[in-house]
Amino acid sequence: MMRALDEVSAGMAVRHAARLFSVPRNTLGDRVLAYANAVRRKRNPSEDVPPLGKKWWHCVQRRHAAEITMRTPDTIDRGRAACARKETVERSFDLLSSTLEEHGLLNQPSQIYNCI
């Protein structure tokens, strides 16, 4: 991701950098926006400037329409969505924690193996 950001800051198109370094374009675009905000704050430390927002990003997209495209995320099936809920993940970690305590493995990570 850092190499992709470096290339974008050197002038490479976001789309090309995302493809070249195998990073999601949306994520790279978000990072570019965050980087632009950081540079803007660094250049104007005494001013109370609002952060760059969606309008700035939309203007960048319009200027570089040939190089940047937005795509819709793939839908996930109901089973995967259920496994990604906060309650399910917390329950899984609670079960893992109790199992590790039961077998005395909390302080022995070298004794834990992934046997699927």
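So for the sequence shown, the working numbering puts the first residue at 5; every next one is plus one.
In this text, a Cβ means the ideal position worked out from N, Cα and C, and glycines have one as well.
Please read all numbers here as calculations on a predicted model, not as lab measurements.
- Straight across, the Cα-Cα distance linking Trp-60 with Ala-38 is about 12 Å.
- Between Ala-17 and Leu-32, the CB-CB gap reaches or exceeds 8 Å.
- Comparing alpha carbon positions, the residue from Arg-67, Asp-81 and Met-5 closest to Asn-30 is Met-5.
- Nearest Cα to Ala-40 within the set Thr-103, Asp-78 and Val-12: Val-12.
- In this structure, Arg-47 sits away from Leu-9, with a CB-CB distance that is not shorter than 8 Å.
- Taking C-beta atoms under 8 Å as the contact rule, Leu-56 and Arg-66 fail to qualify, at a distance of about 15 Å.
- A straight line joining the alpha-carbon of Thr-92 with that of Val-27 spans about 28 Å.
- A distance below 8 Å separates the beta carbons of Ile-72 and Arg-19.
- DSSP places Tyr-39 in the helix class (H, G or I) of the three-state scheme.
- Excluding five sequence positions before and after Ile-116, the CB atoms of its chain that fall closer than 7 Å to its own CB belong to Leu-109, given in chain order.
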